[in-house]
Amino acid sequence: MYTLVAIFAVLLLVGGGIATMLIGFSEKNREGDPSYDKRTKRNVTGLTLYYAIPVVLGMIAFIVFIFTRTR
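All letters in the sequence shown, in the order written, are residues 113 to 183 by my numbering.
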């Protein structure tokens, strides 16, 4: 069971890394977006939420896992 979860996690990480590289090196991304640079506060807020929400959910899942495993 734990092996399947570990394999899934590794595949998800590798897939996310590959997708990030493809987007980062894409031709459209190289051209840039002038309006993106003008919306710094909105962009930082959005990116912070993209990282904060999964971290909080991951911590909750970890705590639930620890407490259910010890009982």
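Yeah, the Cβ is synthetic: ideal placement off N, Cα and C, and Gly gets one too. Remember, predicted model here, so these are calculated numbers, not experimental data.
Under 6 Å Cβ to Cβ from residue i, same chain only, skipping five residues before and after it: list those, please.
| i | result |
| --- | --- |
| G158 | none |
In the DSSP assignment, find the unbroken alpha helix (DSSP H) run with residue i in it and report its ends.
| i | result |
| --- | --- |
| T160 | T152 to R181 |
| M133 | Y114 to G136 |
Report whether the distance from the Cβ of residue i to the nearest heavy atom of the ligand PLP is below 7 Å.
| i | result |
| --- | --- |
| A118 | This structure lacks the ligand PLP, and indeed carries no ligand of any kind. |
Reducing DSSP to helix, strand and coil, say where residue i ends up.
| i | result |
| --- | --- |
| S147 | helix |
Does the beta-carbon distance from residue i to residue j come in below 8 Å?
| i | j | result |
| --- | --- | --- |
| Y148 | N155 | yes |
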